[in-house]
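1 is the number of the first residue of the sequence shown in the working numbering; add one for each residue after it.
Note that the Cβ used here is the ideal one computed from N, Cα and C, for glycine as well.
The structure appears right after this line, and notes come after that.
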Amino acid sequence: MTPEQEQAIAELRAQNVAPKQIARRLGLRPAEVTAVIKAQAEQITADRAAAGELYPIYQILVNKSCLPALLSESKTIESETIDIEVETAIAPTSEMDEDSDEVDKDFDDTDEDFDEADEDFDDIEDSEPGFAVVVVARQAGFNRLEVCTYLVDIWCLGVKDASGPRRMDPILYKDFVDYNYRPFPTGTEEISLELAQAIVFGAVDYAAKLGFQPHRDFEPARSHLGQWSGQPTLTFGRNGKPYYFSGPYDDPNKILKTLRQSVGEGNFHYVVGSGGEW
């Protein structure tokens, strides 16, 4: 294949022309065109890695139920309680891989964090929009994605869990997304990188003022979001105050003690276990 043909393939691909159409236009076999496209994508990926650049965004999602509370400066949340029992909101590797025969064999999903369900994702209720599950997928080469997931308590604790970066192909990614958002029947919303940064980093900053640090698994996934400008600014807490809703793996006494020290008794609300609101 000549350099001129390779350049023509790159230009046509940049115009979103399908490989088979490129092959017909240039009088080449589809397999030849696909091989060149893959090689060019790998070179771009290598160049980005060498320069310390992040991969381009493929897709960013969040559960719709969290957005009204975040985007409204003053909102009284009234909702019926709907009990939704979930095993996890992060798909474990073993279950996902069994359902997909199309996984890119170049990837070995050996991240132990995905071998078991993440505990803090248990018992999320979609009726209470105090949780945001943010999925950030970047294009990491030909038919390859790099994905991080963030579980964010937007009312109090900030980032309760995070995972990734994990690599997968687009087919596995679709199943992965479906698995992640099973607890949220209202569905997902595709959002900008800036809004995803504001949700995650904004919640981290809010929680820090209350005396809470992000989950230890947040650090490996932090850089996947890039640098946040500080905008847009979002509304955290509930009705102007921290609102702690206990999870099955929290230490409620420790958390409540921290809130009493940081904001003072009477300046926050909480629900512990199956008890009522205080």
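Boundaries of the alpha helix (DSSP H) in which residue i is found, first to last residue
{"i": "Val-136", "result": "From DSSP, Val-136 is part of no alpha helix (DSSP H) but of the beta strand (DSSP E) over 131-139."}
{"i": "Glu-190", "result": "Per DSSP, Glu-190 belongs to no alpha helix (DSSP H); it is in the beta strand (DSSP E), 188-190."}
{"i": "Lys-160", "result": "First-last for Lys-160: 158-168, but that is the beta strand (DSSP E), not the alpha helix (DSSP H)."}
{"i": "Glu-53", "result": "Element bounds for Glu-53: n/a, residue is neither H nor E."}
{"i": "Pro-68", "result": "67-71"}
Range of the contiguous beta strand (DSSP E) that encloses residue i
{"i": "Asn-63", "result": "57-63"}
{"i": "Tyr-206", "result": "Taken as a continuous stretch (DSSP letters only), Tyr-206 belongs to no beta strand (DSSP E), being part of the alpha helix (DSSP H) at 193-210."}
{"i": "Phe-245", "result": "243-245"}
Sub-8 Å separation of residue i and residue j beta-carbons
{"i": "Phe-184", "j": "Asp-153", "result": "no"}
{"i": "Pro-56", "j": "Arg-138", "result": "yes"}
{"i": "Trp-291", "j": "Phe-245", "result": "No answer is possible for residue 291: the residues shown for the chain start at 1 and end at 278."}
{"i": "Ala-162", "j": "Leu-151", "result": "yes"}
{"i": "Leu-193", "j": "Ile-37", "result": "no"}
{"i": "Pro-165", "j": "Val-177", "result": "no"}
{"i": "Ile-67", "j": "Glu-190", "result": "Just to set this straight, residue 67 is Leu in the shown sequence, not Ile. No, these two residues do not count as a Cβ contact at 8 Å."}
{"i": "Phe-142", "j": "Ala-41", "result": "yes"}
{"i": "Pro-19", "j": "Thr-34", "result": "yes"}
{"i": "Ala-196", "j": "Gly-158", "result": "no"}
{"i": "Ser-65", "j": "Thr-186", "result": "yes"}
{"i": "Glu-134", "j": "Val-62", "result": "At residue 134 the sequence reads Val, which differs from the Glu that was named. In contact: Val-134 and Val-62 (Cβ atoms closer than 8 Å)."}
{"i": "Ala-208", "j": "Trp-228", "result": "no"}
{"i": "Leu-26", "j": "Ala-39", "result": "no"}
{"i": "Leu-28", "j": "Gln-43", "result": "no"}
{"i": "Lys-160", "j": "His-215", "result": "yes"}
Beta-carbon separation (whole angstroms), residue i vs residue j, contact threshold 8 Å
{"i": "Leu-281", "j": "Thr-149", "result": "The displayed coordinates of the chain run from 1 to 278. Any statement about residue 281 would go beyond what the structure contains."}
{"i": "Val-300", "j": "Leu-225", "result": "Given a span of 1 to 278 for the chain in the structure shown, any question on residue 300 remains unanswerable."}
{"i": "Val-263", "j": "Pro-242", "result": "6 Å"}
{"i": "His-269", "j": "Arg-238", "result": "7 Å"}
{"i": "Arg-364", "j": "Arg-167", "result": "Only positions 1 to 278 of the chain appear in this structure, which leaves residue 364 out of reach."}
Assigned secondary structure, residue i (DSSP; H/G/I helix, E/B strand, else coil)
{"i": "Leu-145", "result": "strand"}
{"i": "Glu-236", "result": "Per the sequence shown, the amino acid found at residue 236 is Phe instead of Glu. Phe-236: coil per DSSP, three-state reduction."}
{"i": "Val-152", "result": "strand"}
{"i": "His-269", "result": "strand"}
{"i": "Arg-29", "result": "coil"}
{"i": "Arg-281", "result": "The question about residue 281 has no answer here: the residues shown for the chain are numbered 1 through 278."}
{"i": "His-215", "result": "coil"}
{"i": "Pro-3", "result": "helix"}
{"i": "Ala-14", "result": "helix"}
{"i": "Ser-229", "result": "coil"}
{"i": "Asp-178", "result": "helix"}
{"i": "Pro-185", "result": "coil"}
{"i": "Pro-248", "result": "coil"}
{"i": "Thr-81", "result": "Annotation note: pLDDT 30 at Thr-81 (below 50); position unreliable, coordinate value reported separately. Coil."}
{"i": "Pro-19", "result": "helix"}
Proximity test, residue i beta-carbon vs the ligand FMN heavy atom, cut-off 7 Å
{"i": "Arg-238", "result": "Of ligands this structure carries none, so the ligand FMN is not represented either."}
Q. Between the region 243-256 and the region 164-178, do at least 3 Cβ pairs fall closer than 8 Å?
A. Remark: fewer than three beta-carbon pairs, one from each stretch, lie closer than 8 Å, so the region 243-256 and the region 164-178 are not flagged as touching.
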